[in-house]
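In the working numbering, the protein residues as written are 56 to 804.
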């Protein structure tokens, strides 16, 4: 196979696909002043305006897509594999034309001026070697101009008065670099400002700028004005008339009209109670038109998950002497109730494999109040087929239910009025029951109940407060083998003891990936949980092992921090960095964290070069054969990842990644030597891996295959931890024993 690949690479010369009087375009090189390499963003911007893109190459060496285009042949049918190969996978050779370089030079000149380099000079030189042409562009940007003054229109009428009033929030600041995008942002800001004050017909294009530059000081004076072509209608303030909400317009023959506080609800069979619909419509008769309330109304109606299509149109009331708009909200209902039956087969890294069946019922509009009722029944059977624990079977049954109410429900107080109108908040009540039968070991019953609030502060900030989280687990029908483990391993003892976890949890999430126009996007999530404090307060004891109604309860505090940075290289892909940290501390009534709150390392969303939950704590090495009951866990976790993601073809994306991290204990455990956290030992106890990834990114579903290879294993002796020293890349057994295949849905972060 390797020989065939080498033969293919050597024998296929790219220029064989073009005629002798043509040259193959192989790309461009940018030569700029050294200081401009300090601004990687500018270089990337200039790269993007150079046309055309050269043919893409596999691993930067072989133009595989061009090869597919060629082997498909010239006479290709309208359908079939050859058509797919040629036009979907294949890529036509990019032949160099003289106009390409001139057009690219003009694009470079425009892009530089757009960013304030008004004295920029550019040139190009095509270099042809062996029928392949590379164009070298030389760029001398000169000084970048800064904004000196910004003059807003004089107050001549009400609309210019409003524009001058908005100056306090201007994005055009003295001393800032000139950027055309900044001018457009300022126009959009003023447009939104006016739209939110009744100026329904005003659009940002009615604003223009005059530029007066000084070549001596390299500054720009900006003079803003309203274009003479702006219609008189744009200067009028519109108010709202009666509001019409029309549901399923195509079925309106027998529709009824419900009038509710200025809203005319027209529907044959109303999907919602009028009060629920009104709560999601923020437009009010008699008030001035406001764009933010228009957008918020659409957002809240979408958040109800009752309607498939939502559209708001406005028509002017011709009978009114003053400017009046009649809002017409067009609503198309979605299927209210769904049943989903899923049959799956799964195999896990702990060698458990087997089929699973799930039946899910969902009512998106329970009792016509946009409440979401969900009930799920799951059943699964797993067994170990290939390990030394062959014949270990596991049966899992669970019944899950939840009710989501589209507002915050709190006794005696309406706290919704303190939240932003434009975002949909919700209260979720949940109750899960599970039964687990693990042959040769035990039977377990568990119950989880929750009461949670979710609300949006801004488009980027989300809050979740779980004021009640109750977990209960009870083990019975214990086998002799399990009892032996239970009595000798403290981790198993704590993990599988009958216990309550009564806690509250809060999570704050910041994510500007969808809203930022900059190359760098940020994601941050912080989570905190405390458990057992109320029960311990009622109990009044400060010793361990106390019970509540005869059941041991856990007491601990736990927090996690997850930070990610996304750098967008546009057509070249993106670079993603993640830093994750978590810590849990058990105190008073608990000696260790409950198993479900401990931290683990290794797996598809963790250290991808190591198997599921197989790393740590610290330098501890697990030599036990059984991996059914005990995973390698800790009280503290540090993990970092760096991943470069790049396009391959169509839906297919690639990735190169590196991960590092581990888990540690905060309390000494003699059964896990080397597991205690000591700051000075952290560098030497980090596990490191690297690998390649292939992703099928179809937006609605992302299928991911990551192949990881361990580079450093902290559980080995100090001289053997770097596995690269003993790597045998020519041995198939080495790959078999070291490569880890991770198949998962979604990106790891």
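We put the beta carbon where it would ideally sit given N, CA and C, even for glycine. Only a predicted model underlies this, so the values are computations on that prediction, with no experimental measurement involved.
Could you check what DSSP says for residue i in three-state terms: helix, strand or coil?
i	result
residue 473	helix
residue 592	helix
residue 211	coil
residue 378	coil
residue 156	helix
residue 785	coil
residue 722	coil
residue 320	strand
residue 218	helix
residue 395	strand
residue 538	helix
residue 531	strand
residue 649	coil
residue 622	strand
residue 796	strand
residue 257	coil
residue 575	strand
residue 126	helix
residue 744	strand
residue 132	coil
residue 687	coil
Please report the residue range of the alpha helix (DSSP H) in which residue i lies.
i	result
residue 641	Here residue 641 belongs to no alpha helix (DSSP H); instead the beta strand (DSSP E) covers 629–641.
residue 777	Unbroken run through residue 777: none, as it is neither H nor E.
residue 136	136–139
residue 245	235–250
residue 347	346–359
Do residue j and residue i count as a contact pair if the criterion is CB distance below 9 angstroms?
i	j	result
residue 585	residue 612	yes
residue 325	residue 304	no
residue 634	residue 581	no
residue 201	residue 171	yes
residue 489	residue 503	yes
residue 251	residue 339	no
residue 496	residue 458	no
residue 221	residue 248	yes
residue 197	residue 173	yes
residue 464	residue 482	yes
residue 104	residue 151	no
residue 717	residue 742	yes
residue 713	residue 761	no
residue 337	residue 315	no
residue 750	residue 700	yes
residue 294	residue 352	no
Round the Cβ separation of residue i and residue j to the nearest angstrom and send it over; I've been treating them as touching at under 8 angstroms.
i	j	result
residue 748	residue 692	Actually they are not in contact, since the Cβ atoms of residue 748 and residue 692 sit about 22 angstroms apart, beyond 8 angstroms.
residue 752	residue 706	6 angstroms
residue 735	residue 673	About 12 angstroms; that fails the 8 angstroms criterion.
residue 639	residue 766	No, residue 639 and residue 766 are not in contact; Cβ-Cβ is about 28 angstroms, not under 8 angstroms.
residue 261	residue 282	5 angstroms
residue 83	residue 192	6 angstroms
residue 556	residue 526	4 angstroms
residue 627	residue 554	Not really, about 52 angstroms apart at Cβ, beyond 8 angstroms.
residue 50	residue 218	With the chain running from 56 to 804 in the structure shown, residue 50 is simply not present.
What does a CB cutoff of less than 6 angstroms around residue i pick up in its chain, not counting 5 residues either side in sequence?
i	result
residue 141	124, 127, 131
residue 801	757
residue 195	176
residue 565	515, 516, 579
residue 113	119
residue 494	448
residue 381	296, 370, 372
residue 164	177
residue 414	396, 432
Output yes if chain C places a C-beta closer than 9 angstroms to the C-beta of residue i; else output no.
i	result
residue 628	Considering every chain present, this structure includes no chain C. It has just one protein chain.
Would you give the residue range spanned by the beta strand (DSSP E) that residue i belongs to?
i	result
residue 695	691–704
residue 490	481–493
residue 83	79–87
residue 181	176–184
residue 285	Here residue 285 belongs to no beta strand (DSSP E), and DSSP marks it neither H nor E.
residue 754	It is not in any beta strand (DSSP E) - residue 754 carries neither H nor E in the DSSP assignment.
residue 331	Counting along the chain, residue 331 falls outside any beta strand (DSSP E), though it belongs to the alpha helix (DSSP H) covering 329–335.
residue 313	311–315
residue 224	Counting along the chain, residue 224 falls outside any beta strand (DSSP E), and DSSP gives it neither H nor E.
Between which residues of its own chain and residue i is the CB-CB distance below 7 angstroms, once the five residues before and five after are set aside?
i	result
residue 238	264
residue 622	574, 575, 629, 630
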